[in-house]
Every structure is written in C-alpha cells, then in structure tokens.
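Everything on this sheet refers to the single structure shown next.
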Amino acid sequence: MFKLNKKSIALASIATIATIFTGCIGDATPKEEKTVAHKADISGGVNYPIVGDHTGPYKVNPQIIGLKINNGRTPTPNELKAWNVDIMPDGTGLPEGEGSVEEGEAIYEEKCQVCHGDFGSGGGGYPALAKGNAYELHKTLTNQRNLPDKDGPVRVFGSYWPQASTLWWYIRDAMPHTKSKTLSNDEVYALVAYILNLNEMEIDGEEVDDEYVLNREKFLKIKMPNRDGFEPKIDGPNGLENVRKYYANPHNYGAKKVNPSERCMTDCQRKTAKVVHIQNGGISEFNPPLSVKRDLPKQENDPAYKVTFDAQKAYKENCTMCHGAVAPAAGDKDAWAPILAKGRDKVYANGLSGTDRGMPARGGSSLSDKEFKSVVDYMLTFK
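Here's what the structure looks like:
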C-alpha cells in the first residue's frame with residue numbers, strides 16, 4: 001500500500017482529466033458536417049462520435065486538440081521504497097523492537113485512555129479495544145439478533161480483526177490521535193502487548209500476561225482467532241488472483257447470472273433472492289414509539305419549545321473521566337483561573353476543536369456546539 005500526498009493526487013487528477021478531454025474533443029477546421037471516426041466523446045459509458053464541433057447536442061472546444069499533457073514518469077525504486085510503508089501480515093515492513101505489557105499500560109494510561117477508556121473499554125464515540133477473552137468472544141460472531149434477548153456479535157480487535165499487523169501499523173502511523181507518528185517502535189510494541197493482554201490472548205501457546213515482553217520474533221507468531229473469517233483471501237502472493245476468482249463466481253456472493261458465460265451490462269441477474277419482510281424481531285414496544293411523522297423540530301422562538309438538555313448529566317457521561325481526575329474539575333475556580341484568563345471564547349474554541357494536550361474535540365462526544373458550550377458553562381459555574 002502506498003501513501004501519496006494530496007498535491008500528488010491533485011496533479012495526477014488534473015493530468016487525467018486533461019487527457020480525457022484531449023480524446024473527447026473534435027477538430028474545428030473541417031467545414032463539412034461529417035463524422036470524425038477517430039474522435040469520440042465518452043458519456044455514461046457510451047461513445048458518441050464528434051460531428052463537426054458537436055458531440056450530440058453539446059459543443060466541443062477545438063482549441064484543446066493537440067494539447068500536450070505531462071503525464072509524469074515512472075517512480076524510481078527509492079521513491080517506491082519511501083512510499084511503501086505498510087506492515088504486512090508476513091512481517092514485511094515490521095521493524096525490530098520490543099516492549100512489555102507493563103510499559104504498554106503506562107503509555108496507554110498517559111496517551112490513550114482519554115479516548116479509548118479504562119482497559120480499552122471505549123467511550124465517547126471512540127472504539128473499544130477489548131471486551132474480554134478474545135477466543136470466547138470470537139464465538140459470538142455468528143450470533144444473530146433475531147430474538148429480543150439475543151446478544152449480537154462482539155466485534156473488537158481480539159475477536160474480529162484477522163491480522164495483528166494492522167494494529168501495529170495503525171498505532172504507529174495514526175496514534176495518538178493528536179500527535180500521530182510520535183511513538184517509537186518500542187512504544188508501539190509495548191502498546192500492542194498491552195492490548196493483547198487486555199484481550200487475554202496467547203502467542204505460541206504462552207499467555208500474554210502482565211510480565212510479557214513482545215518483540216518482532218514473537219509478534220510474527222500471533223494467530224488471531226478470526227484470521228480465516230473473511231472472504232476472499234487477500235493475503236499472500238496469490239491474493240489478487242484469489243480476489244478475481246472469487247468474484248468471477250457469482251454464487252460466492254448470492255448472485256446468479258442469466259447467462260453465466262457471457263458478459264452483461266443490464267438485467268444480468270436472475271431474481272433468486274428470497275424476499276423476507278422484517279417483523280421487528282418480536283419487538284412491539286419501541287421507545288420512542290414508531291412514527292411516520294415528518295414534522296420539523298420546534299424552534300427556540302416557538303412557545304412550545306422546551307430546553308431538555310441536561311448539562312450536568314452530559315458532563316458526567318462525557319467529561320468526568322478526565323475532568324474528574326487530571327484535568328480541571330467542574331466548579332474548581334482555582335484550577336480554571338489560568339485557562340479562563342484567555343477568555344471564555346478561547347475555552348469554547350479549544351473544547352470544540354480539541355488540543356494537542358490530550359483534549360479530544362468535544363471531549364470525544366457527539367454533542368452539538370450549543371450543547372457542548374452548555375456543558376462548559378456548567379463546568380465554569382463557581383460557588
């Protein structure tokens with residue numbers, strides 16, 4: 001996988017568009033209205049011949065004919081090497097290093113817990129990293145929510161992800177959220193070890209306990225419970241060919257072509273799917289009740305409008321993990337004094353956008369601007 005910057009993508013897009021226009025525009029010099037066989041406009045997957053200076057009812061620009069476009073060059077081996085930074089399941093790209101579960105826990109509490117919660121439990125819109133024993137939770141992936149009391153599948157790193165290399169790569173390149181690419185290789189190994197520990201996993205028959213030290217050699221022995229849970233098989237040297245063969249057979253994904261041996265663009269699939277109408281899974285008491293009303297929300301200037309937002313409750317649900325521990329707590333006048341010295345608007349702005357000191361945008365919540373400011377006002381209410 002390659003990482004390309006936005007500028008390169010934009011230049012490539014411009015070159016591609018210009019190239020398309022070069023092949024789509026007719027010559028304006030002929031005086032006779034005749035079809036130019038070697039020039040055509042592509043629209044909606046259909047070729048339309050250019051007649052004079054028109055393609056169908058549309059005009060073409062004759063000045064674009066013969067325009068030269070610099071389509072770039074073949075990248076050098078060193079350029080390809082610099083872009084090719086992914087971590088593959090077979091260990092390609094995985095650097096040397098080591099880190100312990102104990103070290104990973106300390107790093108997690110300092111840099112990750114604010115978003116991903118205690119022991120990787122998740123919260124505030126950020127995903128959970130663990131919910132118990134990965135091997136037991138893997139069995140839930142076939143659960144169906146077809147009864148009111150039926151638990152659905154649990155999809156977290158340990159139970160659902162097919163390869164651990166994705167976790168290592170993602171942490172290195174994208175975490176922590178506000179300071180990506182600041183972790184050393186040893187710190188990444190330590191964090192991965194801690195997350196494996198939270199998921200109660202084993203490596204080569206050995207439990208990843210509190211004393212476990214993870215390195216490259218041990219990492220390559222990780223076998224994820226759901227490593228065979230996805231189709232088609234994309235890993236390995238035959239990955240691309242596996243994908244082609246898989247999708248060449250419509251039966252693999254519930255389809256059935258009218259003429260399997262022929263190419264087809266429209267009305268290609270037989271109606272083989274059985275229509276099953278949703279019966280609400282036996283649920284009749286919905287909260288709020290099911291409704292087809294499409295009324296717009298009441299506005300503030302409407303006498304019927306009522307403010308139902310509870311700032312104190314929102315604070316407890318979204319903010320106390322940090323503001324009840326290391327960050328200034330609600331109502332703590334002394335702790336807030338140096339921050340308020342910059343002005344309340346600055347406090348709003350920092351909270352809404354997030355900071356590089358561990359404050360996620362909106363505290364990692366889905367609160368609206370108005371609701372978030374109400375929570376800030378509650379926190380800045382001093383006795």
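Just so we're aligned: 126 in full-length UniProt numbering is position 126 of the sequence shown, and the numbers increase by one with no gaps anywhere.
Note that CB positions come from ideal geometry on N, CA and C, so glycine has one too.
Within the segment 50-84, the runs of alpha helix (DSSP H) that reach at least 4 residues and sit entirely inside it are, in chain order, 77-83. Between the beta-carbon of I107 and that of E187 there is about 6 Å, and that keeps the pair under the 8 Å contact cut.
By the neighbour-count definition (other C-beta atoms within 10 Å, threshold 16), R73 is an exposed residue. Within the same chain, G93, L94, S165, T166, W168, W169, R172 come within 8 Å of I87 by CB-CB distance, once the 5 residues on both sides are set aside.
Annotation for V114: the continuous alpha helix (DSSP H) segment containing it runs 113-116. Uninterrupted alpha helix (DSSP H) stretches at least 4 residues long and entirely within the UniProt domain "Cytochrome c" (306-383) occur at 311-318, 320-323, 333-340, 344-353, 369-379, given in chain order. Using a 10 angstroms sphere on the CB of Q144, the tally of other CB atoms stays under 16, which defines it as exposed. Within the same chain, P232, I234 come within 8 Å of V243 by CB-CB distance, once the 5 residues on both sides are set aside.
Annotated three-state conformation of G124 is coil, per DSSP.
In the DSSP assignment, E98 falls outside any alpha helix (DSSP H) and within the unbroken beta strand (DSSP E) covering 98-100.
Looking at K293, L367, N84, the one whose alpha-carbon comes closest to that of D310 is L367.
In this structure, G125 keeps its C-beta atom at 8 Å or more from the C-beta atom of S284. A distance below 8 Å separates the beta carbons of F230 and P162. Burial check for E105: the Cβ neighbour count within 10 Å reaches 16 or more, so the residue is buried. With a cutoff of 8 Å on beta-carbon distance, V156 and L129 are scored as near each other. Around the beta carbon of C264, fewer than 16 other beta carbons lie within 10 angstroms, which makes this residue exposed.
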